[in-house]
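In the numbering used here, the protein residues as written are 8 to 225.
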């Protein structure tokens, strides 16, 4: 869930607790938000409904563990659906066009797998292994909640400066899935990759060189 969905989440949890005659304190809201922030609001609402309809557990007010139990299956389902989007886009969009999915976790996973062109060019014999790696990583990122990711997955096309130097507009990325959610992925993503790589400062380099010299003398 995004930070701007907190009010809707609060209303949802308050209504659910009221169904059982319970209040929703600020502490309760904080605990639930921290535990379920990696899920979508619709998933949480569905899980609360499933808990209420459970013949055994549904007679008691839900706890975080109850929803986590329900959502564990949901995260597996979500990873499978995410792979379905990626697999379809591999052939429908292709390796040469930029692409934006409606799920930021997909962007993070694809970057881990080597980038969009590499994923698209995976040998057919290795697709099952790629699917396994993708779904495992997707579940991990979903469990973490928010993560850094590229706002668009670059295709294997000409660099941006070659378009701008000739006055040609950049090719429009393909949006995969819900267009509004894909636009949100663009808005909240970054131009750089999710893994930050920088150069060691000069001062730290001198300290490192001094430490190495002392080790040699010792």
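Note that CB positions come from ideal geometry on N, CA and C, so glycine has one too.
Bear in mind that the values here come from a model prediction, so they are computed numbers and not experimental data.
Task: residue 120 to residue 113 span [Cα, whole Å] - done: If I take the Cα positions, the gap works out to 10 Å.
Open item on the list: Starting from residue 182, trace the beta strand (DSSP E) in both directions and tell me its first and last residue.
Closed with: Counting along the chain, the unbroken beta strand (DSSP E) around residue 182 starts and ends at 181-183.
Task: residue 126 versus residue 69: straight-line alpha-carbon distance, rounded - done: Approximately 41 Å, taken between the alpha carbons.
Task: Between the CA atoms of residue 213 and residue 9 - distance to the nearest angstrom - done: In this structure, the alpha-carbon of residue 9 lies about 43 Å from that of residue 213.
TODO: Reducing DSSP to helix, strand and coil, say where residue 44 ends up.
DONE: Of the three classes helix, strand and coil, the one that applies to residue 44 here is coil, per DSSP.
Open item on the list: So, with DSSP's three-state summary, where would you put residue 197?
Closed with: Residue state, collapsed to three classes: strand.
Task: Terminal residues of the alpha helix (DSSP H) in which residue 126 lies - done: That run of the alpha helix (DSSP H) goes 123-127.
Task: Three CB pairs or more closer than 8 Å across the stretch 71-80 and the stretch 96-103 - done: Verdict: no, contact absent.
- [ ] Pick helix, strand or coil for residue 108, following the three-state DSSP scheme.
- [x] Taken through DSSP and simplified to helix, strand or coil, residue 108 comes out as strand.
Open item on the list: Is it buried or exposed, residue 58, if we count other Cβ atoms within 10 angstroms and call 16 or more buried?
Closed with: By the neighbour-count rule (16 or more Cβ atoms within 10 Å), residue 58 is buried.
Task: residue 27 - DSSP class collapsed to helix/strand/coil - done: In the three-state reduction of the DSSP assignment, residue 27 falls in the coil class, being assigned neither a helical nor a strand state.
- [ ] Thinking residue 154 and residue 111 are a contact (beta carbons under 8 Å), I'd like their distance in whole angstroms, please.
- [x] Confirmed, Cβ separation roughly 7 Å.
Task: Check whether residue 118 and residue 157 have beta carbons under 8 Å apart - done: Yes; because the gap between Cβ atoms is below 8 Å, this pair is in contact.
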